[in-house]
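Q:
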Amino acid sequence: MVEDAQAVCWTPDGKWLLLWESAAQGHQLLLYTADGQHFRTMSGAHLSDGPDASLELGIKTCQPSPNSDLCAVADHSRSIAILQTDSWRRRAVFTHPVTIVPRDTLHIWQEQLETSRDGQTVHTFQRATQPISPPSMPSDGRPTTEAKPGCSVLAFDASSALLATRLDDAPYTVWIWDVAAAELRAVLVFHSVVTFTWHKKTRELLLIHSSSSSSSSQQDKGKSSSGLSYLWDPLLPGPTPVVPEEFIAARSSSSISAGGGGGGGGVVRAQISWINTDMEYPLALLATAQQYCILSLGEGDQVPETWHGASKWDDDELLKGRRRTRRSRAFDPDVSDVSVDDGTAVEDTFSFRKT
-19 MVEDAQAVCW
-9 TPDGKWLLLW
1 ESAAQGHQLL
11 LYTADGQHFR
21 TMSGAHLSDG
31 PDASLELGIK
41 TCQPSPNSDL
51 CAVADHSRSI
61 AILQTDSWRR
71 RAVFTHPVTI
81 VPRDTLHIWQ
91 EQLETSRDGQ
101 TVHTFQRATQ
111 PISPPSMPSD
121 GRPTTEAKPG
131 CSVLAFDASS
141 ALLATRLDDA
151 PYTVWIWDVA
161 AAELRAVLVF
171 HSVVTFTWHK
181 KTRELLLIHS
191 SSSSSSSQQD
201 KGKSSSGLSY
211 LWDPLLPGPT
221 PVVPEEFIAA
231 RSSSSISAGG
241 GGGGGGVVRA
251 QISWINTDME
261 YPLALLATAQ
271 QYCILSLGEG
281 DQVPETWHGA
291 SKWDDDELLK
301 GRRRTRRSRA
311 FDPDVSDVSV
321 DDGTAVEDTF
331 SFRKT
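Sequence positions in the sequence shown follow the working numbering and run -19 to 335.
#1: Could you say if the stretch 173 to 181 and the stretch 50 to 64 meet the contact criterion of at least three C-beta pairs nearer than 8 Å?
#2: State the Cα-Cα distance for the pair Q159 and D98, rounded to the nearest angstrom.
#3: Between which two residues does the beta strand (DSSP E) harbouring E163 extend?
#4: By the 10 Å Cβ neighbour count, where 16 or more other Cβ atoms means buried, how is F136 classified, buried or exposed?
#5: Give me the Cα-Cα distance between Q337 and D15, rounded to the nearest whole angstrom.
#6: What are the residues that DSSP puts in a beta bridge with P221?
#7: On the DSSP bridge assignment, give the partners of D158 in chain order.
#8: In three-state terms, what does DSSP make of H26?
#9: When you compare each of G(-6), L93 and P77 to P46 by their alpha carbons, which one comes out closest?
#10: Beta-carbon within less than 8 Å of T85's beta-carbon, same chain only, minus the 5 sequence neighbours each way: which residues are those?
#11: Measuring alpha carbon to alpha carbon, tell me which of V(-12), I252, L93 and T268 ends up nearest S276.
#12: For H87, which residues of its own chain have a beta-carbon under 7 Å away from its beta-carbon, when the five flanking residues on both sides are left out?
#13: Tell me the residue span of the beta strand (DSSP E) that contains V78.
#14: How many whole angstroms separate the CB atoms of S374 and V73, which I take to be in contact at a CB cut-off of 8 Å?
#15: Identify which residue in Q64, T75, Q100 and P44 has its Cα closest to the Cα of S57.
#16: Which residues in the same chain have their Cβ closer than 8 Å to the Cβ of L134, if we skip the five residues on either side of it in sequence?
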């Protein structure tokens, strides 16, 4: 019997309906078949390794994998339970370590803020070689929100091979887990609160959004108020900033300033979102209040020649000393048959039943 339901979701294949109780009810995950029959209730003993699991606060969120084979369950601890949906038994537990030790198979990337000759803030990433502890508050020592333990932000990539997580009491860090190996593969540490969205069809491609940098000076806050966006995949040397004016300014004679970028013009907030389409290369929509452009991401130089536009990586100055495997170009396609994935769309509960 349901006491105080917190949320409900379908597995992508439509076979299972998941309902979990509010945290005050403890670890209670109720499983229903597609025709509404109660199948099983999973409690703390199934989901948590803690000796007092039945007395602890319960589930924060559940996330089925795109292939419907797995389900990640997060609670108020530093652990994520991975369930196998064919048996609804626990397959693995991912525990976020307090101290992270870099290895050949675990890359830790830390954001570095530098000032260019023209006074602009440049965001780069350096691979850590020493153990680190991800920050739980801004570098100025003033927490933006009350620290709450646990994880409420997590998502599988399109292949269901990687899981990205973010702890609520350390919102400046993204953790990337290898699901098959049950190991931590990458840790991305930023200077501001971040959210993220996997591309729905291209595997291992993550779009990360940061809020305005908490360590920015008062003079720079206006320029970075919209935050920055970054692309990450395992082949890139750390997260790659997507600087709006590098694309939009090249397509306009007017001077535009956006998201912590170049000078001139008034402040313009820019947003970037994945576009859901069946095109060969992943697409992203970059939009401001005045205009937009569509970015295509390809491997190396294999961007279709018909998609002309300014390339982020064509500038020798940008390429100097940096290895890139993905390229971004702006172009003007027919957008009549695409949809934008900004992570806020309302889920159609019965979409799997449509014919």
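Yeah, the Cβ is synthetic: ideal placement off N, Cα and C, and Gly gets one too.
A: According to the structure data:
#1: The stretch 173 to 181 is not in contact with the stretch 50 to 64.
#2: The sequence given here places Val at residue 159; Gln does not occur at that position. Spanning the two alpha carbons is a distance of roughly 44 Å.
#3: That run of the beta strand (DSSP E) goes E163 to V169.
#4: Counting Cβ neighbours within 10 Å, F136 comes out buried, since at least 16 surround it.
#5: Within the shown structure, residues of the chain are numbered from -19 to 335, placing residue 337 beyond reach of any answer.
#6: Partner(s): Y210.
#7: DSSP lists L142 and E163 as partners of D158.
#8: Helix at H26.
#9: Answer by Cα proximity: G(-6).
#10: So the list reads E163 and R165, once near-sequence residues are dropped.
#11: Nearest option by C-alpha distance: I252.
#12: Only R107 and A166 meet the Cβ criterion.
#13: Per DSSP, V78 belongs to no beta strand (DSSP E) and is neither H nor E.
#14: Examination of residue 374 is not possible in this model, given that the chain is present from -19 through 335 alone.
#15: If we check each option's Cα against that of S57, T75 comes out closest.
#16: Only residues of its own chain outside the window of five on either side were considered, and among them T41, Q43, A52, A54, I60, L143, A144, T145 and R146 have a CB closer than 8 Å to the CB of L134, listed in chain order.
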